[in-house]
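Undergrad:
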Amino acid sequence: MSTPLLVQALAALSVPALAGATALGVRVRRVRAGAAAGTERLRERIAELEAHCAELERTASCDPLTGVWNYRHLQLTLDREIERSRRAEHTDPGDGPRPLAVLMLAITGFDAVVAEHGRGRAGAILRDLAQRLAMEIRRADTLGRYGGEEFLVVLPDTGAEGAVQVAERLVWSVRRHLLLDWSSGTRESRPVRGNGLTAAAGIAVLPEDGAHAAVLLRAADTALAEARAAGGDCWRISPRHGDLPATGLPRPVDSGPEHGPTAERDRSGKPGSLSACAGGDPLAQPVPSHTPASVAVPRDVLS
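My numbering numbers the first residue of the sequence shown as 1 and each following residue consecutively.
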């Protein structure tokens with residue numbers, strides 16, 4: 001076969017080959033574009049699922065009424081901190097376990113709030129008060145709703161003296177907290193009796209009061225019962241804690257919150273909200289002090 005005929009034959013054969021190669025290239029580009037789009041959709045879906053998981057975790061750990069940590073999260077945190085204290089004891093037996101305090105706080109006076117404002121607004125008042133209490137402790141501490149109008153505070157690396165300082169601060173804050181007011185006109189001054197709310201606190205410390213969660217909670221609940229029996233507006237701690245008194249009353253303060261119990265301000269110069277859903281409610285201004293309330297509130301008033 002002559003050269004011109006061979007060239008013509010090769011040219012005729014190359015036309016379909018070039019067409020097939022072009023079609024294959026287009027198909028490959030389409031497949032790659034589809035794969036890139038599918039990968040982007042998968043990434044968006046993964047990000048969406050991660051956001052949903054984070055929201056579910058937050059919801060599962062937060063109390064829906066007050067916005068602070070719930071009972072389940074408190075139990076998990078207490079177990080974790082007790083285990084942490086035990087590990088420290090095994091690491092350095094000479095120093096013993098890390099100090100750990102549990103503070104149980106019960107607020108009384110909400111029966112009058114419910115009677116005046118109804119349960120809906122009383123719940124908002126309880127939430128506002130819980131946010132204030134969360135701002136009175138360190139970021140390393142954990143405050144949550146234990147049930148009804150009772151709150152529990154887990155205080156890592158805190159001994160009996162530090163726990164007493166926290167109890168004084170929280171009891172003082174409840175007594176001086178300015179409640180929400182829905183009136184549209186000029187806000188009237190509060191009576192001398194203040195907001196009508198008081199708090200009683202019971203303190204338990206590891207290892208003096210026990211080295212297990214159930215034992216610590218039982219000791220704190222016993223101390224709380226003693227504080228409530230004394231009329232509230234005070235704290236109680238087991239008498240086995242050395243030179244510390246087993247009872248106490250908040251220090252009288254006549255000016256703003258910056259003049260509250262100085263020991264607690266020395267203990268924690270970095271307050272913060274402990275709950276992921278606590279929000280950013282501003283601190284309320286104090287109101288004049290008042291005598292302790294004498295009306296006991298059922299545990300399930302707002303539960």
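Cβ atoms here follow ideal geometry from the backbone N, Cα and C, with glycine treated the same way. All values derive from a computational prediction rather than experimental measurement.
Helix, strand or coil for residue 34? Go by DSSP, reduced to three states.
TA: Note: residue 34 maps to helix in three-state DSSP.
Undergrad: Can you name the start and end residues of the alpha helix (DSSP H) that residue 132 belongs to?
TA: Residues 110-134.
Undergrad: Would the segment 150-164 count as touching the segment 99-110 if we require 3 or more Cβ pairs under 8 Å?
TA: Yes, they touch.
Undergrad: Could you tell me which residues DSSP puts in a beta bridge with residue 156?
TA: DSSP, once it has assigned bridges, lists 100 as partnering residue 156.
Undergrad: Any idea which residues DSSP pairs residue 203 with across the strands?
TA: DSSP lists 103 and 237 as partners of residue 203.
Undergrad: Using DSSP bridges, identify the partner residues of residue 150.
TA: Paired residues: 106 and 147.
Undergrad: The alpha helix (DSSP H) with residue 139 in it runs from where to where?
TA: Neither: residue 139 is in no alpha helix (DSSP H) and is coded neither H nor E.
Undergrad: Buried or exposed for residue 107, going by 16 or more other Cβ atoms inside 10 Å?
TA: Residue 107 is buried by the Cβ-count criterion.
Undergrad: Which of helix, strand or coil does DSSP assign to residue 198?
TA: Correct three-state label for residue 198: strand.
Undergrad: Indicate whether residue 144 and residue 152 have their beta-carbon atoms separated by less than 8 Å.
TA: Closer than 8 Å, so yes.
Undergrad: Would residue 300 be called buried (16 or more neighbouring beta carbons within 10 Å of its own) or exposed?
TA: Caution is warranted here: a pLDDT of 36 is assigned to residue 300, below 50, making its placement in the model unreliable, and no coordinate value can be reported.
Undergrad: Mind reading off the beta-carbon distance from residue 77 to residue 130? Whole number of angstroms is fine, and I expect it under 8 Å.
TA: Actually they do not touch by this definition, with Cβ atoms about 16 Å apart.
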